[in-house]
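Protein chains in written order, with full-length UniProt numbering: chain F, 1 to 137; chain R, 1 to 328; chain V, 1 to 478. From the three backbone atoms N, C-alpha and C, an ideal C-beta is built for every residue, glycine too. Source: prediction; values computed, not measured. First the structure, in the form of structure tokens, and then the observations on it.
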Amino acid sequence: MSQMIMNNTLIDSIDVFDIIRSIKDPEFPNTLEELNVVNEDLITVDNSTENDYCTIKIYFTPTVPHCHLAPTIGLCIREKLNLLLPKKSKIEILIKPGTHQTEDTINKQVNDKERYIAAMENKEIKKLVLECIEETE
Amino acid sequence: MPLELIGSISDGLCPERIWHVAWHPSGDILASCGNDKQIQIWAKEQNKWVLAQSLEGHEQTVRRIAWSPNGKYLAAASFDVTTSIWENTSSDPQDIEFTHVSSLEGHNYEVKSVAWDSTGTLLATCSRDKSIWIWEMQEDNEFECLSINSGHSQDIKCVAWHPTLELLASGSYDDTIKFWKDIDGDWECLYTLSGHTSTVWDISFNSTGDRLVSCSDDRSLLFWKYFEGADKWKNVCKLVDHSSRPIFSIDWSHLNDKICTGSGDDSISILEQDKSASTADSEQYKVTIKHEKAHNSDVNCTRWNPKYPNIFASCGDDGTIKIWKVIE
Amino acid sequence: MSGEDKFSSILKLTDLDYINPSQICIKPVEIEKTKPNGTSKIKIENDGSYVEVSEDGTEKTLEKATITLNDCLACSGCITSAESVLITAQSVQEFLTNINGTKTIVVTLSPQSRASLSNHFKLSPISVYKKLSTFFNQLGINYLFDSSFSRDFSLLESANEFVARYKKTIDLPLPMLASACPGWICYAEKTHGDYILPYISTTKSPQQIMGTLVKYYFSEKINKKPSDIYHVTIMPCYDKKLEASRNDFYSDIFNTKDVDCVLSTSEILDLFKDKEIDFNNLAETEIRDETFLNYDRANDKFIGVQGSSGGYLEFIYKYAAKELFNLDIQNKDIEYKVGRNSDFKETSLMVNGEKIFTFALAYGFRNIQNIVRKIKISTSTNKHCGYDFVEVMACPSGCINGGGQIKSEGGIKDNKAFTQDSENYYNDQLMRDPQNNLVVKEIYNSWLNGYFSQDSNTKLHTEYHRIEKSTNALNIKW
Numbered sequence: 001m002s003q004m005i006m007n008n009t010l011i012d013s014i015d016v017f018d019i020i021r022s023i024k025d026p027e028f029p030n031t032l033e034e035l036n037v038v039n040e041d042l043i044t045v046d047n048s049t050e051n052d053y054c055t056i057k058i059y060f061t062p063t064v065p066h067c068h069l070a071p072t073i074g075l076c077i078r079e080k081l082n083l084l085l086p087k088k089s090k091i092e093i094l095i096k097p098g099t100h101q102t103e104d105t106i107n108k109q110v111n112d113k114e115r116y117i118a119a120m121e122n123k124e125i126k127k128l129v130l131e132c133i134e135e136t137e
Numbered sequence: 001m002p003l004e005l006i007g008s009i010s011d012g013l014c015p016e017r018i019w020h021v022a023w024h025p026s027g028d029i030l031a032s033c034g035n036d037k038q039i040q041i042w043a044k045e046q047n048k049w050v051l052a053q054s055l056e057g058h059e060q061t062v063r064r065i066a067w068s069p070n071g072k073y074l075a076a077a078s079f080d081v082t083t084s085i086w087e088n089t090s091s092d093p094q095d096i097e098f099t100h101v102s103s104l105e106g107h108n109y110e111v112k113s114v115a116w117d118s119t120g121t122l123l124a125t126c127s128r129d130k131s132i133w134i135w136e137m138q139e140d141n142e143f144e145c146l147s148i149n150s151g152h153s154q155d156i157k158c159v160a161w162h163p164t165l166e167l168l169a170s171g172s173y174d175d176t177i178k179f180w181k182d183i184d185g186d187w188e189c190l191y192t193l194s195g196h197t198s199t200v201w202d203i204s205f206n207s208t209g210d211r212l213v214s215c216s217d218d219r220s221l222l223f224w225k226y227f228e229g230a231d232k233w234k235n236v237c238k239l240v241d242h243s244s245r246p247i248f249s250i251d252w253s254h255l256n257d258k259i260c261t262g263s264g265d266d267s268i269s270i271l272e273q274d275k276s277a278s279t280a281d282s283e284q285y286k287v288t289i290k291h292e293k294a295h296n297s298d299v300n301c302t303r304w305n306p307k308y309p310n311i312f313a314s315c316g317d318d319g320t321i322k323i324w325k326v327i328e
Numbered sequence: 001m002s003g004e005d006k007f008s009s010i011l012k013l014t015d016l017d018y019i020n021p022s023q024i025c026i027k028p029v030e031i032e033k034t035k036p037n038g039t040s041k042i043k044i045e046n047d048g049s050y051v052e053v054s055e056d057g058t059e060k061t062l063e064k065a066t067i068t069l070n071d072c073l074a075c076s077g078c079i080t081s082a083e084s085v086l087i088t089a090q091s092v093q094e095f096l097t098n099i100n101g102t103k104t105i106v107v108t109l110s111p112q113s114r115a116s117l118s119n120h121f122k123l124s125p126i127s128v129y130k131k132l133s134t135f136f137n138q139l140g141i142n143y144l145f146d147s148s149f150s151r152d153f154s155l156l157e158s159a160n161e162f163v164a165r166y167k168k169t170i171d172l173p174l175p176m177l178a179s180a181c182p183g184w185i186c187y188a189e190k191t192h193g194d195y196i197l198p199y200i201s202t203t204k205s206p207q208q209i210m211g212t213l214v215k216y217y218f219s220e221k222i223n224k225k226p227s228d229i230y231h232v233t234i235m236p237c238y239d240k241k242l243e244a245s246r247n248d249f250y251s252d253i254f255n256t257k258d259v260d261c262v263l264s265t266s267e268i269l270d271l272f273k274d275k276e277i278d279f280n281n282l283a284e285t286e287i288r289d290e291t292f293l294n295y296d297r298a299n300d301k302f303i304g305v306q307g308s309s310g311g312y313l314e315f316i317y318k319y320a321a322k323e324l325f326n327l328d329i330q331n332k333d334i335e336y337k338v339g340r341n342s343d344f345k346e347t348s349l350m351v352n353g354e355k356i357f358t359f360a361l362a363y364g365f366r367n368i369q370n371i372v373r374k375i376k377i378s379t380s381t382n383k384h385c386g387y388d389f390v391e392v393m394a395c396p397s398g399c400i401n402g403g404g405q406i407k408s409e410g411g412i413k414d415n416k417a418f419t420q421d422s423e424n425y426y427n428d429q430l431m432r433d434p435q436n437n438l439v440v441k442e443i444y445n446s447w448l449n450g451y452f453s454q455d456s457n458t459k460l461h462t463e464y465h466r467i468e469k470s471t472n473a474l475n476i477k478w
């Protein structure tokens with residue numbers, strides 16, 4: 001169960017994994033953890049910058065090498081983190097190298113601020129993403 | 001401190017994320033826009049910035065706004081795929097009263113940028129649909145589409161007109177910058193500038209229009225110079241790893257040639273040409289100020305005041321607008 | 001060689017660029033979920049098929065998701081012009097496969113394609129036709145028709161439809177917008193479907209009228225079933241392939257399309273290369289059978305109308321002036337006012353100093369935008385938009401410059417001059433008013449019961465359908 005992390009706590013990769021592990025896959029009735037799409041080992045958190053932000057890097061593994069919903073999974077991961085992390089962190093979400101046919105294309109799209117913000121303004125996409133990140137129990 | 005904060009607009013007056021700020025040609029009025037779907041117009045009252053008018057109507061984020069050269073019109077590009085045109089219909093020339101006069105439709109996806117040419121008769125808009133539309137303002141505030149330019153292979157992020165010529169530059173997610181010109185009634189792509197290794201977020205001409213600077217997702221700044229003899233734009237200076245994160249905004253002052261940039265690492269930088277290190281073919285530019293933590297989040301836009309030198313405005317994902325002064 | 005840049009720019013900008021459906025087409029496929037819980041793995045076999053391995057080890061080969069061209073047309077979320085789907089279904093290879101069967105093969109050549117071949121080989125249109133006859137005879141093709149013939153029907157029906165709209169004897173508004181260009185139609189259905197469709201003429205294009213004539217009139221003459229004829233058209237653009245695939249042009253009863261395959265002019269060049277044909281040195285077969293040709297035997301020339309995109313503006317203008325005001329107008333009497341660019345012009349009929357009606361020509365996306373914008377404003381303000389008829393074509397310079405025409409060897413720079421040359425070859429013809437086409441007259445009498453009659457409305461007119469944007473989040477490209 002994810003909770004709002006307190007403001008003055010430093011975040012680590014376990015905290016990040018705790019938030020994203022229960023995200024539901026848009027296609028299959030399983031969580032990203034169950035499908036091995038996200039893994040604690042593939043998350044790094046860097047608190048060392050002089051600025052007030054921390055940098056989070058998440059690699060994820062799409063279920064199949066041509067999975068067309070990879071960008072949407074990236075969107076779900078970012079949305080949930082934005083909701084539950086206490087202050088703005090710089091989040092980079094990338095495909096685990098070698099696990100997707102068009103990983104460079106998807107990496108660019110998933111990390112383009114204008115693109116993912118515009119995507120979340122689309123009613124249908126927003127609805128789908130919110131369903132995937134909804135906490136059920 | 002070489003960069004002084006001389007004004008600030010925040011605390012509940014602004015939306016969560018402010019994408020763009022634009023100075024009225026008089027230098028005394030500032031417009032801003034963001035994810036609250038509105039355009040805010042700010043004026044100075046005694047020493048404070050107050051909200052003069054709020055323009056509503058867009059159904060999604062307003063991404064960019066642009067004043068016409070005479071300040072009478074304001075154009076706004078929105079993610080709702082339309083571009084709105086507003087006219088100051090106040091009888092009192094000192095007053096602000098903008099009315100919606102036209103809606104430019106046609107783009108298939110989000111409109112990312114809008115810009116007026118130096119004469120105020122042409123308007124360019126660009127979109128994720130990979131096209132640039134050139135519009136001409138007619139009497140009775142109607143607009144005629146002059147051209148639909150294809151050429152970029154991806155989303156187009158920004159458009160900027162040359163300061164004097166009828167020449168348009170565009171920056172794209174396809175990592176290139178293209179120049180467009182009307183040749184016998186058909187707009188064609190004259191030059192394509194490659195050099196960035198990722199999305200070009202913003203571009204800016206200098207005051208004489210023979211230099212262009214671009215900033216990118218690849219964290220670098222590229223300076224371009226027009227060589228008349230060869231009729232080519234060439235890269236004359238690269239500042240790579242200028243930032244640790246994408247650089248979203250860049251503006252070249254037409255008053256004193258200084259350059260300001262806003263970055264995803266929350267910092268604002270001021271740059272100038274290093275004349276001592278420059279030659280005919282290779283120019284050097286250096287960072288004279290790097291101001292960290294300028295905002296509490298990504299800096300989305302930095303724009304020089306057109307009338308008062310060394311003053312510029314910035315805005316960001318922290319929902320604030322800041323006015324700065326460069327202390328010499 | 002990809003056909004990616006061959007569709008009209010209006011289609012390319014309408015909803016997405018070219019996507020290979022096997023990679024990104026995301027038409028949702030229904031999967032039966034037999035197990036609500038538990039994980040299964042999916043492995044990819046060497047032959048590329050997908051096999052689902054459930055927890056207990058049982059394997060099930062998953063069905064390949066296929067899409068048909070109709071899926072593509074109906075779905076606006078992905079593409080209208082799935083390049084690889086279309087190119088495969090209507091390619092030179094498909095053509096060659098199908099002509100080896102038992103069906104009767106009919107090929108219809110458009111005058112624009114003919115002019116393009118003329119310009120490329122530097123031969124007269126008559127020579128092009130006669131050499132093509134020789135080539136097609138060698139391939140076992142039985143008939144080579146000319147869509148200038150079916151265009152006469154399209155012009156007559158359009159003109160009569162305009163007069164009916166003007167007189168308000170039918171409940172459809174003005175301005176009437178030409179309907180022969182499928183790039184324009186697709187764009188209108190997908191982008192402005194909520195208000196523009198009633199303005200579009202219901203008359204079928206020359207390609208589709210020929211389709212109807214071939215499968216339902218000509219078939220009877222040669223004692224064949226509609227499905228026993230394989231009808232191929234040679235057209236100046238790829239958008240015509242889309243048009244031929246519309247559901248409206250498919251008969252459930254006879255299980256056959258009006259037009260089975262569309263080849264572009266440049267694909268015919270590929271066909272020549274494939275068969276190692278030296279076209280210039282082919283013998284010419286004399287024209288014996290004039291069926292569905294607009295041919296003048298005495299002068300050994302083809303017959304047509306002014307205007308390489310079909311001449312809708314001129315013909316309807318003259319026809320309406322006569323029918324409505326008893327005025328005899330010649331082409332030379334029509335004075336144009338050219339707009340911002342050469343692809344936009346307008347002309348008004350003046351009677352006693354009064355403007356009676358205004359016709360315009362709008363080619364290319366930017367000019368179409370302005371027309372559509374004017375109509376939208378007039379629809380909402382209830383004011384006349386300034387035009388009564390607009391000849392709308394998606395391509396700058398019209399059909400002679402279609403995306404499937406043979407391009408100049410010199411590249412884009414020479415294109416304008418090259419297109420003008422094609423235009424000159426196009427005009428190497430005799431002019432004849434469609435009303436004076438005796439064969440057309442005969443068919444109107446025997447088969448259609450008159451201009452714009454109930455029968456001609458059934459056979460020579462069509463409908464348009466608004467295409468909704470996809471609301472499936474899995475399909476939306478961001």
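Coarse secondary structure for residue i, derived from DSSP in three states
i                     : result
residue 29 (chain R)  : strand
residue 162 (chain R) : coil
residue 53 (chain R)  : strand
residue 233 (chain V) : strand
residue 64 (chain R)  : strand
residue 183 (chain V) : helix
residue 280 (chain R) : coil
residue 288 (chain V) : coil
Per-residue burial, residue i [other beta carbons within 10 Å of its own, 16 or more giving buried]
i                     : result
residue 227 (chain R) : exposed
residue 111 (chain F) : buried
residue 288 (chain V) : exposed
residue 361 (chain V) : buried
residue 157 (chain V) : buried
residue 176 (chain R) : buried
residue 495 (chain V) : Coverage of chain V is limited to positions 1 through 478, which leaves residue 495 (chain V) absent and any answer about it impossible.
Residues of its chain near residue i, where Cβ-Cβ distance is below 7 Å and the 5 sequence neighbours each way are ignored
i                     : result
residue 181 (chain V) : 392, 393, 394
residue 119 (chain F) : 75, 125
Of the listed residues the options, nearest to residue i (C-alpha basis)
i                     : options                    : result
residue 191 (chain V) : R:108, R:79, R:296         : R:108
residue 439 (chain V) : V:296, V:417, V:284        : V:296
residue 177 (chain V) : V:168, V:225, V:161        : V:161
residue 67 (chain F)  : F:87, F:105, F:11          : F:105
residue 32 (chain F)  : F:47, F:69, F:56           : F:69
residue 447 (chain V) : V:217, V:265, V:262        : V:217
residue 264 (chain V) : V:56, V:359, V:232         : V:232
residue 219 (chain R) : R:249, R:98, R:67          : R:249
residue 323 (chain R) : R:77, R:48, R:94           : R:48
residue 283 (chain V) : V:134, V:102, V:276, V:199 : V:134
residue 386 (chain V) : V:359, V:401, V:366, V:404 : V:359
Contacting residues, own chain, Cβ-Cβ under 8 Å from residue i (five flanking each side not counted)
i                     : result
residue 143 (chain R) : 85, 102, 104, 123, 135, 136, 137
residue 254 (chain R) : 163, 206, 207, 304, 306
residue 195 (chain V) : 375, 376, 379
Beta-carbon contacts of residue i that lie in its chain and below 6 Å, excluding the five residues immediately before and after
i                     : result
residue 194 (chain R) : 176
What residue ranges within the UniProt repeat "WD" (292-328) of chain R form continuous beta strand (DSSP E) runs of no fewer than 3 residues, ordered along the chain? At a cut-off of 3 residues, the continuous stretches assigned as beta strand (DSSP E) that sit fully inside the UniProt repeat "WD" (292-328) of chain R are 299-304, 311-316, 321-326.
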